[in-house]
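Residue numbers (our numbering): 220 to 541.
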């Protein structure tokens, strides 16, 4: 009889075999997310996101009903800040479909592209576990759902980050040129902080996963011939545990990176409340469910070496805190 208390997990831990259908599903869904986010954030009443808000009963958007406190200069298209040779269609260096977006909306599209690129890289180059198509579809849909929710928070007049306080003076855009249009107003600090969290989190998650893969690929670290006092508890020899680099900070430091960039993405879109809420929810799920799954798997696979790693690195996800 299966253990009903076993935490839910989409990844088949320890099952090392390629799953072409899952890989194609995951890569396809993550790549498709970028144009979808662009469509959701499209300006004007005809934009997909504005129409979805209307269908949900939210009829006040930053495009159709800008709040009185909103500096409408923040809704200027990016092309207003670029030299002609950098924007527009045809020979422009930046696609016209992107330069028609306001700067923060473009930032969110770029965030979706960065997250998709990182996760595709993980699946193609770093992950070795079996990833069936249903699981790949679920993970892909989940990420698109979170990104789409962030886009709608940005578009809704009551939750947009563009109304967030405090604000900072705009840093001069390095390629901006004088125009007759109004210059962009002060930038919400939540957008700046969210962008920094996103960049730091994506870097931490990627670097940590690369360090772990590099560690496992070293001779003797991922086979049964390692003789460095790594009894698996049953008289056999267990693989070595990656305990170097970022993994000295926390046992699941990659989860910390994921929580950071997810919170940063939401903060850039919906302000402080959205960022903190998403960060807490993601941290709660990973700390309660994913860590339990990993601990059970690693205890069985690494034996005493995992027990020693837990003693030496007491923090689960957040270095110095949790």
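Using N, Cα and C, we set each Cβ at its ideal position, and we do this for glycine too.
**Message:** Measuring only the C-alpha atoms, how far is residue 447 from residue 439?
**Reply:** Low confidence applies to residue 447: its pLDDT is 41, below 50, so where it sits in the model is not reliable enough to give any reading.
**Request:** Could you tell me if residue 284 is buried or exposed, where buried requires 16 or more neighbouring beta carbons within 10 angstroms of its beta carbon?
**Result:** exposed
**Item:** Three-state secondary structure assigned by DSSP to residue 527
**Value:** helix
**Request:** Spatial neighbours of residue 537 within its chain, please: CB distance less than 7 Å, with the 5 preceding and 5 following residues excluded, ordered by chain position.
**Result:** 469, 475
**Prompt:** Which whole-angstrom value describes the C-beta separation of residue 289 and residue 381, a residue pair presumed to lie in contact below a C-beta threshold of 8 Å?
**Reply:** 6 Å
**Prompt:** By how many angstroms is the C-alpha of residue 437 removed from the C-alpha of residue 271?
**Reply:** 50 Å
**Prompt:** Leaving out five residues before and five after residue 525 in sequence, what residues of the same chain have Cβ atoms less than 7 Å from its Cβ?
**Reply:** 460, 517, 518
**Asked** Would the beta-carbon of residue 477 fall within 9 Å of that of residue 420?
**Response** yes
**Asked** Taking DSSP as the reference, what is the three-state secondary structure of residue 406?
**Response** strand
**Asked** In the structure shown, what three-state DSSP assignment does residue 392 receive?
**Response** Confidence at residue 392 is low in this model, with a pLDDT of 47, below 50, so its placement is unreliable and the value that follows should be read with caution. Note: residue 392 maps to coil in three-state DSSP.
**Length of the line joining the Cα atoms of residue 348 and residue 361** = 19 Å
**Message:** How far does the alpha helix (DSSP H) with residue 362 in it extend, from its first residue to its last?
**Reply:** 352-374
**Prompt:** Alpha carbon to alpha carbon, what distance is there between residue 386 and residue 463?
**Reply:** 40 Å
**Contact under 9 Å by Cβ, residue 350 with residue 425** = no
**Item:** Rounded separation between residue 432 and residue 322 - CA only
**Value:** 36 Å
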